[in-house]
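Structure first, commentary second.
Protein chains: 2
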Amino acid sequence: MRIALDAMGGDNAPGVTLEGAVETVNEFDDIDVILVGKTDVLEAGLGGKRYPEGRITIKHASEVVGMEETAAVALRKKKDSSIKVAVDLVKNGQADAVVSAGHSGVAMATSLLALRKCEGVDRPAIATMMPTINGSFLLVDAGANVDCAPANLLQFAYMGSAYCRIVQDIKEPRVALLSIGEEDTKGNELTKAVFHLLKKSCLNFVGNIEGKDIFGGSADVVVCDGFVGNTVLKVSEGLADAVIKILRDEITKSLSRKLGYMLLKPAFRHLKKRTDYDEYGGAPLLGINGISIISHGRSSPKAIKNALKVANQLSSRQIHKVISEEIRRCGG
Amino acid sequence: MRIALDAMGGDNAPGVTLEGAVETVNEFDDIDVILVGKTDVLEAGLGGKRYPEGRITIKHASEVVGMEETAAVALRKKKDSSIKVAVDLVKNGQADAVVSAGHSGVAMATSLLALRKCEGVDRPAIATMMPTINGSFLLVDAGANVDCAPANLLQFAYMGSAYCRIVQDIKEPRVALLSIGEEDTKGNELTKAVFHLLKKSCLNFVGNIEGKDIFGGSADVVVCDGFVGNTVLKVSEGLADAVIKILRDEITKSLSRKLGYMLLKPAFRHLKKRTDYDEYGGAPLLGINGISIISHGRSSPKAIKNALKVANQLSSRQIHKVISEEIRRCGG
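So the protein sequences, as listed, match chains Y and Z.
Quick note on numbering: the first sequence equals residues 13 to 344 in our numbering.
Quick note on numbering: the second sequence equals residues 13 to 344 in our numbering.
Structure, rendered in structure tokens:
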């Protein structure tokens, strides 16, 4: 597969994106990378790096969207931005998927405008993997749609379920609705309406799930609106950072604690690996006619590599077509 | 002050509530406790415990609301429940405040029905303290109102700000609005409307705050609707539990790790203390004519003691009157 990488997108681009691309082609035989961005910058960055010849190519784009720019302005004015050119490669069939760690609002909007919605899908959604004590679950929507109707959440559930079936080989993914109580009478107007839609659907709906239980491993897909989903994602990120910061402060307070930390380092490393964003790499925008992966601005080379890997996987399994079929079949 | 305690409320009542009451009167000279529940059960439970005579009294209530009951049914049918009788003591001036670790929906509804809303307040809200890396912040609403209008959130902000000023002696509490981006254009329809109301208000509004930043200590009050607030609270609880569970599993994997854990125990203990629900004890229902503290069903004796302490503090400072005045003065 040929994956277009927005080489200029991300807090530490293009250093991190180039490194991620090189690691990817060295590790995976079936992924070629098209770096999109300023040719001179990218050529200079690649100089001296070792990778199989021809497996990384460059596609020129003269502009870059900054992380602080307004999405509306960037979309209107920057017609030759790296993210736009990268998405267009997919649109024109020159790439099989696109990955960007740049401005996520612009990456989403550009992907949606160029690749368009799948047939039957009203609102594409961001799907993010989150760790549990014994595995992971998929959170949909993680931030694409801040105000939703009940029918939108039903479609998020269909898309998330298809994703887990296709990508994670789970036969009947357990779909749960994020709410503030397990009973069907608990929740707000939106979730109460969605509960009944999910109950009638042909999904393996396991009922409401509370925030305290999402990390317990009892659901494969957790459905919510994009405002709540984005909040859940960011609160988790913030809390994990805060716990680590407090522990680090505590640990350096005495020599015996420092020694204790040395002994526990493998345990902490394992915890970090389990909760590490880098392992997941990026979040697909589900419900569009193509594969577009939105990565964190803070992505490391490893995160970029894993995002390219996910893009490759989704592309080879044609997730967008599966979603379209599923929604047509079940009338989502 | 005399605080009415729903002695039958909570997962481990009345053992835990009695223990909490005894610890409280032994520690604080200015708090007397009225235990509300079945006289014979409570008398038997108190037998053998040591505490200053007359500082704990019993008020009989023949019924108990179970944790699994529907709020609507319990409110209609159980007129002599411990929570109802306890709240009525406040209503009739026989107690200065009420604390319940029982069915939180019933405790809230009973308090609201009997004590009624403060003048000027449209929707009372639950205010919960949450820890940050260097202190704490107040989350309002933590679950009382799942569907809100912008004006409701403005009032939550006024109530939360008054609480922090009165209880925590913060002169101009920093009020932030929970959203999914810092800019005023980020958020859903509700938060965008609230942003402008807060901007025009006489509060010390510091703008939107993202979930990843709430634990950083840059806000004293974080405002959101009750669905989002309850989700934030429960996700934090669930994630903290999950991290501890994963670490514990990891730690027991080898002898050297066990030794490391022994050395780090003080650090973990400090972390636990910082993030421990027991330290906060309970969450006040702000915006009603009286003091009502809703505690966690899993409350320990220490949590009950701290809830009684908070009830005493709020009562002595007449928080409900301060809130009423504030909302009248600022036109919240």
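Each residue gets a CB set at the ideal place from its N, CA and C atoms; glycine is no exception.
Top-ranked residue by Cα proximity to residue i, from the options
i                      : options                       : result
residue 119 of chain Y : Y:218, Y:13, Y:106 and Y:19   : Y:19
residue 94 of chain Z  : Z:107, Z:213 and Z:75         : Z:75
residue 216 of chain Y : Y:161, Y:184 and Y:67         : Y:184
residue 107 of chain Z : Z:54, Z:304, Z:81 and Z:153   : Z:304
residue 63 of chain Y  : Y:25, Y:52, Y:73 and Y:43     : Y:43
residue 281 of chain Y : Z:274, Z:269, Z:291 and Z:290 : Z:269
residue 139 of chain Z : Z:38, Z:326 and Z:71          : Z:326
residue 160 of chain Y : Z:141, Z:202, Z:174 and Z:145 : Z:202
residue 24 of chain Y  : Y:333, Y:60 and Y:311         : Y:311
residue 306 of chain Z : Z:162, Z:109, Z:274 and Z:45  : Z:109
residue 152 of chain Y : Y:231, Y:58 and Y:330         : Y:231
residue 332 of chain Z : Z:314, Z:299 and Z:341        : Z:299
residue 165 of chain Z : Z:135, Z:32, Z:301 and Z:81   : Z:135
residue 278 of chain Z : Y:290, Y:228, Y:40 and Y:259  : Y:259
residue 187 of chain Z : Z:22, Z:86, Z:59 and Z:229    : Z:229
residue 309 of chain Y : Y:14, Y:17, Y:59 and Y:22     : Y:22
residue 115 of chain Y : Y:80, Y:342 and Y:314         : Y:80
residue 46 of chain Z  : Z:301, Z:146 and Z:29         : Z:29
residue 67 of chain Y  : Y:291, Y:40, Y:169 and Y:172  : Y:40
residue 143 of chain Z : Z:104, Z:290 and Z:314        : Z:290
Chain Y contact residues for residue i, given Cβ-Cβ distances below 9 Å
i                      : result
residue 243 of chain Z : 190, 191, 192, 222, 223, 236, 240, 243, 244 and 247
Residue i: contacting residues in chain Y (beta-carbon distance under 7 Å)
i                      : result
residue 230 of chain Z : Under the 7 Å cutoff, chain Y gives no residues; its nearest Cβ is about 11 Å from residue 230 of chain Z.
residue 279 of chain Z : 259, 262, 263 and 269
C-beta neighbour in chain Y for residue i, strict 9 Å
i                      : result
residue 201 of chain Z : yes
residue 252 of chain Z : yes
residue 158 of chain Z : yes
residue 226 of chain Z : yes
residue 197 of chain Z : yes
residue 82 of chain Z  : yes
Secondary structure of residue i, DSSP reduced to three states
i                      : result
residue 313 of chain Z : helix
residue 141 of chain Y : strand
residue 197 of chain Y : coil
residue 149 of chain Z : strand
residue 129 of chain Y : strand
residue 185 of chain Y : coil
residue 159 of chain Y : coil
residue 264 of chain Y : coil
residue 278 of chain Z : helix
residue 207 of chain Z : helix
residue 215 of chain Y : coil
residue 53 of chain Z  : helix
residue 303 of chain Y : coil
residue 192 of chain Z : coil
Residue i at chain Z interface by Cβ criterion, 9 Å
i                      : result
residue 155 of chain Y : yes
residue 272 of chain Y : yes
residue 265 of chain Y : yes
residue 303 of chain Y : no
residue 144 of chain Y : yes
residue 36 of chain Y  : no
residue 140 of chain Y : no
Chain-ordered neighbours of residue i on chain Z, where CB pairs are closer than 7 Å
i                      : result
residue 356 of chain Y : Residue coverage of chain Y in this structure runs from 13 to 344, which leaves residue 356 of chain Y outside it and unanswerable.
Proximal chain Z residues relative to residue i, where beta-carbon distance stays under 8 Å
i                      : result
residue 172 of chain Y : Within chain Z, no residue comes near residue 172 of chain Y; the closest Cβ sits about 18 Å away, beyond 8 Å.
Interface partners of residue i on chain Y, CB under 8 Å
i                      : result
residue 283 of chain Z : 255, 258, 259 and 262
Residue i: contacting residues in chain Z (beta-carbon distance under 9 Å)
i                    : result
residue 4 of chain Y : The question about residue 4 of chain Y has no answer, for chain Y in this structure spans 13 to 344.
Residue-level contact to chain C via CB, residue i, 9 Å cutoff
i                     : result
residue 18 of chain Z : Structure shown: chain C not included; protein chains present are Y and Z.
Would you check if the stretch 261–280 of chain Z and the stretch 173–189 of chain Z touch, i.e. whether three or more CB-CB distances between them fall below 8 Å?
The stretch 173–189 of chain Z is not in contact with the stretch 261–280 of chain Z.
>> Counting beta carbon pairs with one atom in the stretch 230–240 of chain Z and one in the stretch 227–243 of chain Y, are three or more of them shorter than 8 Å?
In response: Three or more beta-carbon pairs separated by less than 8 Å link the stretch 227–243 of chain Y to the stretch 230–240 of chain Z, which places the two stretches in contact.
Review point. Is there contact here, the stretch 224–231 of chain Y with the stretch 196–210 of chain Z, by at least three beta-carbon pairs under 8 Å?
Key: Because the criterion of three Cβ pairs below 8 Å is not met, the stretch 224–231 of chain Y and the stretch 196–210 of chain Z do not touch.
>> I'd like to know if the stretch 309–323 of chain Z and the stretch 156–170 of chain Z are in contact, where contact means that at least 3 CB-CB pairs between them fall below 8 Å.
In response: No: the two stretches stay apart, fewer than three of their Cβ pairs being nearer than 8 Å.
Quick check: the stretch 51–67 of chain Y against the stretch 332–341 of chain Y, are at least 3 beta-carbon pairs closer than 8 Å? With a cut-off of 8 Å, the stretch 51–67 of chain Y and the stretch 332–341 of chain Y do not count as touching, because too few Cβ pairs lie within range.
* contact_flag[the stretch 290–300 of chain Z, the stretch 134–151 of chain Z] where n(CB pairs < 8 Å) is 3 or more -> In short, these stretches touch, since the Cβ pair count reaches three.
> With a cut-off of 8 Å, do at least 3 Cβ pairs link the stretch 245–257 of chain Z to the stretch 249–262 of chain Y?
Replying inline: Yes: at least three Cβ pairs fall under 8 Å.
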